[in-house]
Amino acid sequence: MEEEFVTLTIDGIEVKTKKGNTILQAAQKVGIDIPTLCFLKEINEVGDCRMCIVEVEGRKGFATSCIQKAEEGMVVHTHTPEVLEARHIVLDLILSNHKIECLTCTRSGNCELQKLAEKFNVQKIEYPGEMVKHEIDDKSPSIVRDFNKCILCRRCIATCKNVQEIGAIDCIERGFESCISTTYDNSLNDVDCTFCGQCIESCPTGALHEKESINDVWVRLKDPETYVVVQTAPAVRVALGEEFGMPIGTNVKGKMVTALKRMGFNKVFDTNTGADLTIMEEANEFIERIQNGGVLPMITSCSPGWVRFAEKNYGELLSHLSSCKSPHQMFGALIKSYFAEKYGIDKNKICIVSVMPCIAKKYECSREEMEVDGVRDVDYVLTTRELARMIKQANLDFTELEDSDFDEPMGEASGAGAIFGTTGGVMEAAIRTAIDTLEGKNVEQFEYKEVRGEKGIKETTLQIAGIDVKIAVVSGLANARRIMEQIKAGNSPYHFVEIMACPGGCVMGGGQPIKSSKVRATVDVRKLRADALYSIDEKSVIRKSHENPVMKQLYEEFLEKQGSHVAHKYLHTEYGAKEKYEIT
Amino acid sequence: MLEILEKLCNGEASEYDIYRLEKLAVNIKKASVCGLGQSAPNPVLSTLRYFREEFKEHAIEKKCRTNECKKIAKIEIDPEKCKACGLCQRNCPVEAIEGEAREKRVINQEKCIKCGTCIASCPFQAIG
Numbered sequence: 001m002e003e004e005f006v007t008l009t010i011d012g013i014e015v016k017t018k019k020g021n022t023i024l025q026a027a028q029k030v031g032i033d034i035p036t037l038c039f040l041k042e043i044n045e046v047g048d049c050r051m052c053i054v055e056v057e058g059r060k061g062f063a064t065s066c067i068q069k070a071e072e073g074m075v076v077h078t079h080t081p082e083v084l085e086a087r088h089i090v091l092d093l094i095l096s097n098h099k100i101e102c103l104t105c106t107r108s109g110n111c112e113l114q115k116l117a118e119k120f121n122v123q124k125i126e127y128p129g130e131m132v133k134h135e136i137d138d139k140s141p142s143i144v145r146d147f148n149k150c151i152l153c154r155r156c157i158a159t160c161k162n163v164q165e166i167g168a169i170d171c172i173e174r175g176f177e178s179c180i181s182t183t184y185d186n187s188l189n190d191v192d193c194t195f196c197g198q199c200i201e202s203c204p205t206g207a208l209h210e211k212e213s214i215n216d217v218w219v220r221l222k223d224p225e226t227y228v229v230v231q232t233a234p235a236v237r238v239a240l241g242e243e244f245g246m247p248i249g250t251n252v253k254g255k256m257v258t259a260l261k262r263m264g265f266n267k268v269f270d271t272n273t274g275a276d277l278t279i280m281e282e283a284n285e286f287i288e289r290i291q292n293g294g295v296l297p298m299i300t301s302c303s304p305g306w307v308r309f310a311e312k313n314y315g316e317l318l319s320h321l322s323s324c325k326s327p328h329q330m331f332g333a334l335i336k337s338y339f340a341e342k343y344g345i346d347k348n349k350i351c352i353v354s355v356m357p358c359i360a361k362k363y364e365c366s367r368e369e370m371e372v373d374g375v376r377d378v379d380y381v382l383t384t385r386e387l388a389r390m391i392k393q394a395n396l397d398f399t400e401l402e403d404s405d406f407d408e409p410m411g412e413a414s415g416a417g418a419i420f421g422t423t424g425g426v427m428e429a430a431i432r433t434a435i436d437t438l439e440g441k442n443v444e445q446f447e448y449k450e451v452r453g454e455k456g457i458k459e460t461t462l463q464i465a466g467i468d469v470k471i472a473v474v475s476g477l478a479n480a481r482r483i484m485e486q487i488k489a490g491n492s493p494y495h496f497v498e499i500m501a502c503p504g505g506c507v508m509g510g511g512q513p514i515k516s517s518k519v520r521a522t523v524d525v526r527k528l529r530a531d532a533l534y535s536i537d538e539k540s541v542i543r544k545s546h547e548n549p550v551m552k553q554l555y556e557e558f559l560e561k562q563g564s565h566v567a568h569k570y571l572h573t574e575y576g577a578k579e580k581y582e583i584t
Numbered sequence: 585m586l587e588i589l590e591k592l593c594n595g596e597a598s599e600y601d602i603y604r605l606e607k608l609a610v611n612i613k614k615a616s617v618c619g620l621g622q623s624a625p626n627p628v629l630s631t632l633r634y635f636r637e638e639f640k641e642h643a644i645e646k647k648c649r650t651n652e653c654k655k656i657a658k659i660e661i662d663p664e665k666c667k668a669c670g671l672c673q674r675n676c677p678v679e680a681i682e683g684e685a686r687e688k689r690v691i692n693q694e695k696c697i698k699c700g701t702c703i704a705s706c707p708f709q710a711i712g
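Taken in sequence, the protein lines are chains A and B.
For the first sequence, the working numbering begins at 1 and goes up steadily by one.
For the second sequence, the working numbering begins at 585 and goes up steadily by one.
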């Protein structure tokens, strides 16, 4: 069918646009900037905040350009004095109920409200008056909610309800008392929130942010008694640069390692190596399940948001989850055992800090099971954003830093470990190892393009050693729910499923640098970051986890063999159904 | 809007507040999503249209013509009209009206709570 177009005039410029496009889209096409606030492309298009109002000739009142469809012959004015004044008032009214503490706010400098205030030359609060007061909710190990800074744009609600299909938060109360909260205003910790952190990524202000561990880490760094080891996840290196003005998808591994060393960490390790280890164990578990008639499909367990989701919603299906801990937990456990013994360091004096693109990892590292013989696997988890803040605190000129390499002996990683950071990566890495093992030979194929890309559910069938192995790669909890319902109904065709809680995988995790709605509408952030990871993989000499010499050494010296008793003690865990929040 | 109106009633507003109020009302009317928002400012806008003088009096002279705004209302007895009957004094709930029998009465502004009882009780319409 041929596409229909409409022609309209915006600020005197004739614009031809697809039928069904909004005025905002049409305006963007010709470079006319209309400010927005509640708008989040394809997620929250509700016209709530009234920031994007424009004048349409012949129409009473203003139109909201983010939802108003362009019509044939429409004459639109986006910057008349009346429109500007109305927008200014809208902003004034939002500001009149916003706790303004920009100087100490984590979002200062990256706040959409602050940017608008600057743009509109707001020099005073025009309508000061009564403000709604809310308690800060910092009970959960991952997310802090400060509703005194909330502007009721509802981007978080839309993300939670429509993208992830969790619906942990919604608007409660009415009128002036309206606020975004959980059922009966409970703490996020006590409801069905999975701590994926996508709400934080969508928040335009500082109303939602991660629970910081920065100060704790500084304290440990200053303590000469503590041996502080840091490890960084694959997705961190391709996003950290953004916080320092570098283009999206720049690989800043070298600079990041230098920065961490300068900040005083005793050892800087690569979680990619942990990822390789996860593949060794996970691929082995998968092979065992296939050969011995274990529970299938087997589902990956690297994403703690997903694990919490499964425990809350599908307690009866937890045997499908791989018993492997996530890479950073495995790696933490190894550092405090193998590495500590080898180098004669007291394991109780080692502090492991993981830099992750994730806020659910903060929750994961606080889980009771995540310890061996009473020693915590990982002590602190920092997000990519927190690391950026620490680098700034340390006064390092990040973009000018020279490159350096991860520390030995556990600094070497394969390309398979690197792609863990994007959706499909774990599957691809696991397949590379599983194929070699099952076929008993070195298979020359590295790339499995069917599992790459942005689709929420990707599936394919592979011929491995005479068996048709059906695999699926899932990202986003809404899609995860679909797969789980299939399994529950008993008609899941798959053998192996990778699930990541965040749409797009770790590169789009809840701990990554926050992108404004404008950037999200115009740039495919996921693709840029993921491509950077794939290019690391392509450039790697070793592209299969089991070929990584560090793995060989680890198994020879410590872990004996895949799935051994020692491996289970340090690298595996178990899950338990968690109570779902019920209204009583 | 409510807060600015309250400021005006309390005699704490300036002329700039009237400007702010009008700007706010006009724009809420134009920019609101729903009919409620579009019509909520109407009472403000129509009173501004027909009684702007009174708004100004509230802001500049801190005066309320009708004495409805209790904080700035000033109830006085017109000595020309007062016949010294004492009815107002008897009815005043806070004993704010002073004066001896057969004398014209005076309201003690310090004590007066602007309740209006005296106005209602005066048979000669001498109070206002």
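All C-beta atoms in this analysis are idealised placements derived from N, C-alpha and C, irrespective of residue type, glycine included.
Q.
At a CB distance below 9 Å, what residues from the region 611 to 636 of chain B approach chain A? Give them in sequence order.
A. Those would be ASN611, ILE612, LYS613, LYS614, ALA615, SER616, VAL617, GLN622, in chain order.
(Q) Need the endpoints of the alpha helix (DSSP H) that A/ASP276 sits in, please. (A) Counted from its first residue, the first sequence places residue 276 of chain A at position 276. From DSSP, the alpha helix (DSSP H) with A/ASP276 extends over 271 to 291.
Q) Mapping DSSP to helix, strand and coil, what is A/ASN148? A) Here residue 148 of chain A refers to the residue found at position 148 when the first sequence is read from its first residue. Helix at A/ASN148.
Q. Do you know how far the Cα of A/GLU371 is from the Cα of A/ASN348?
A. Residue numbering aside, residue 348 of chain A sits at position 348 when the first sequence is read from its first letter. Residue numbering aside, residue 371 of chain A sits at position 371 when the first sequence is read from its first letter. Their Cα atoms are separated by approximately 12 Å.
Q: With DSSP collapsed to three states, give me the class of A/LYS470.
A: Looking up residue 470 of chain A in the first sequence gives position 470. It is a strand residue.
**Q.** 4-residue-minimum alpha helix (DSSP H) runs that sit fully inside the region 289 to 337 of chain A, ordered along the chain
**A.** 304 to 313, 327 to 334
Q: Inspect the CB distances between the region 392 to 409 of chain A and the region 510 to 521 of chain A and report whether three or more fall short of 8 Å.
A: The region 392 to 409 of chain A vs the region 510 to 521 of chain A: no contact.
Q.
Which residue wins for smallest C-alpha separation from A/CYS171, given the options A/LEU152, A/THR22, A/ILE542?
A. If you number the first sequence from 1, residue 171 of chain A lands on position 171. Of A/LEU152, A/THR22, A/ILE542, the smallest CA-CA separation from A/CYS171 is found for A/LEU152.
Q: Rank A/VAL46, A/GLU42, A/GLU57 by C-alpha distance to the C-alpha of A/ILE10 and give the top, closest one.
A: Locating residue 10 of chain A in the first sequence gives position 10, counting from the first residue. Measuring from the Cα of A/ILE10, the nearest candidate turns out to be A/GLU57.
Q.
Quick check: what's the CA-CA separation for A/LEU382 versus A/ARG389?
A. Locating residue 382 of chain A in the first sequence gives position 382, counting from the first residue. Locating residue 389 of chain A in the first sequence gives position 389, counting from the first residue. The straight-line gap from Cα to Cα measures roughly 10 Å.
Q: Using alpha carbons as the reference points, say which of A/LYS488, A/LYS149, A/ARG237, A/ILE359 lies closest to A/ASN313.
A: Locating residue 313 of chain A in the first sequence gives position 313, where the first residue counts as 1. Taking only the C-alpha atoms, the option nearest A/ASN313 is A/LYS488.
Q. Do A/LEU260 and A/VAL230 come within 8 Å of each other at the CB atom, strictly closer than that value?
A. Position 230 of the first sequence, counting from 1, holds the residue named residue 230 of chain A. Position 260 of the first sequence, counting from 1, holds the residue named residue 260 of chain A. Cβ atoms of A/VAL230 and A/LEU260: closer than 8 Å.
(Q) Just to confirm the assignment, what range does the alpha helix (DSSP H) spanning A/SER202 have? (A) Residue mapping note: residue 202 of chain A aligns to position 202 of the first sequence, counting from 1. Here the alpha helix (DSSP H) through A/SER202 covers 198 to 202.
Q: Indicate whether A/GLY129 and A/SER96 have their beta-carbon atoms separated by less than 8 Å.
A: Looking up residue 129 of chain A in the first sequence gives position 129. Looking up residue 96 of chain A in the first sequence gives position 96. Their beta carbons are under 8 Å apart, which means A/GLY129 touches A/SER96 by this criterion.
Q: Anything in chain B within Cβ reach of A/GLY129, meaning under 7 Å, just list it in chain order.
A: As a position in the first sequence, residue 129 of chain A is number 129, starting the count at 1. Those within 7 Å of A/GLY129 in chain B are GLU587.
Q. Is the region 333 to 350 of chain A in contact with the region 288 to 303 of chain A, if contact means three or more CB pairs nearer than 8 Å?
A. Counting C-beta pairs closer than 8 Å gives fewer than three between the region 333 to 350 of chain A and the region 288 to 303 of chain A, which falls short of the contact rule.
Q: Could you tell me whether any Cβ in chain B is nearer than 8 Å to the Cβ of A/PHE39?
A: Numbered from its first residue, the first sequence carries residue 39 of chain A at position 39. Judged by the 8 Å Cβ criterion, A/PHE39 is not in contact with chain B.
(Q) Tell me the residue span of the beta strand (DSSP E) that contains A/LYS16. (A) As a position in the first sequence, residue 16 of chain A is number 16, starting the count at 1. Per DSSP, A/LYS16 belongs to the beta strand (DSSP E) from 13 to 18.
Q: Find the residues of chain A that neighbour B/ARG604, judging by a C-beta separation of less than 8 Å, and give them in chain order.
A: Taking the first residue of the second sequence as 1, we reach residue 604 of chain B at position 20. GLU126, TYR127, listed in chain order.
(Q) So A/ALA168 contacts chain D; which residues on that side make the cut at Cβ distance below 8 Å? (A) Among the protein chains in the structure shown, which are A and B, there is no chain D.
Q) What in chain A is Cβ-close to B/LYS607, meaning under 8 Å? A) One-based indexing of the second sequence puts residue 607 of chain B at position 23. Within 8 Å Cβ-Cβ: GLU85, ILE89.
Q) Under a CB-based cut-off of 8 Å, is A/ILE53 close to chain B? A) Counting from one through the first sequence, the residue named residue 53 of chain A turns up at place 53. Chain B, which has a Cβ nearer than 8 Å to the Cβ of A/ILE53, makes this yes.
Q. So A/ASN21 and A/ALA70 are in contact, right, with Cβ under 8 Å, and what is the actual spacing, rounded?
A. Translated into positions along the first sequence, residue 21 of chain A becomes position 21. Translated into positions along the first sequence, residue 70 of chain A becomes position 70. The Cβ separation is near 5 Å, so the contact holds.
Q | Counterpart residues of A/HIS88 in DSSP-defined beta bridges | A | Walking along the first sequence from the start, residue 88 of chain A turns up at place 88. None; A/HIS88 has no bridge partner.
Q. Chain B partners of A/GLY47, CB-CB under 9 Å?
A. The residue given as residue 47 of chain A occupies position 47 in the first sequence. Those within 9 Å of A/GLY47 in chain B are VAL617.
Q: Can you have a look at A/THR104 and say buried or exposed, based on whether 16 or more other CB atoms are within 10 angstroms of its CB?
A: Here residue 104 of chain A refers to the residue found at position 104 of the first sequence. Its Cβ having fewer than 16 others within 10 Å, A/THR104 is exposed.
(Q) Is there a Cβ of chain B sitting closer than 8 Å to that of A/ARG50, yes or no? (A) Taking the first residue of the first sequence as position 1, residue 50 of chain A is located at position 50. For A/ARG50, the answer is yes, since a Cβ of chain B falls inside 8 Å of its Cβ.
Q: Can you grab the Cα-Cα spacing for the pair A/SER607 / A/LEU116, in whole Å?
A: Nothing can be reported for residue 607 of chain A: it is not among the residues displayed for chain A, which extend from 1 to 584.
Q) Using the C-alpha atoms, what's the distance from A/ARG107 back to A/LEU396? A) Counting from 1 along the first sequence, the entry for residue 396 of chain A is found at position 396. Counting from 1 along the first sequence, the entry for residue 107 of chain A is found at position 107. Cα-Cα distance, rounded: 20 Å.
Q. In terms of alpha-carbon separation, which member of A/LEU37, A/ARG262, A/MET330 lies closest to A/VAL375?
A. Taking the first sequence and counting its residues from 1, the one referred to as residue 375 of chain A is at position 375. The candidate whose alpha carbon is nearest that of A/VAL375 is A/MET330.
Q) How big is the Cα-Cα spacing for A/ILE157 and B/GLN622? A) To locate residue 157 of chain A, count along the first sequence from 1; it is residue 157. To locate residue 622 of chain B, count along the second sequence from 1; it is residue 38. Looking at the two C-alpha atoms, the distance is approximately 26 Å.
(Q) According to DSSP, B/LEU723 sits in a beta bridge with which residue or residues? (A) Examination of residue 723 of chain B is not possible in this model, given that chain B is present from 585 through 712 alone.
Q) Whole-angstrom Cβ separation of A/VAL426 and A/THR232, contact assumed at under 8 Å? A) Counting from 1 along the first sequence, the entry for residue 426 of chain A is found at position 426. Counting from 1 along the first sequence, the entry for residue 232 of chain A is found at position 232. Contact flag wrong, Cβ pair sits at about 17 Å.
Q: Determine which residues of the region 56 to 86 of chain A have a Cβ less than 8 Å from any Cβ of chain B, and write them out in chain order.
A: Going along the region 56 to 86 of chain A in chain order, one finds GLY61, PHE62, THR64, GLU82, GLU85, ALA86 with a Cβ nearer than 8 Å to chain B.
Q | Coarse secondary structure for A/GLU210, derived from DSSP in three states | A | Translated into the one-based positions of the first sequence, residue 210 of chain A becomes position 210. Reduced to three states, the DSSP call for A/GLU210 is strand.
Q | Residues that DSSP places opposite A/MET500 in a beta bridge | A | Within the first sequence, residue 500 of chain A is the residue found at index 500, counting from 1. Beta-bridge pairing links A/MET500 to A/SER475.
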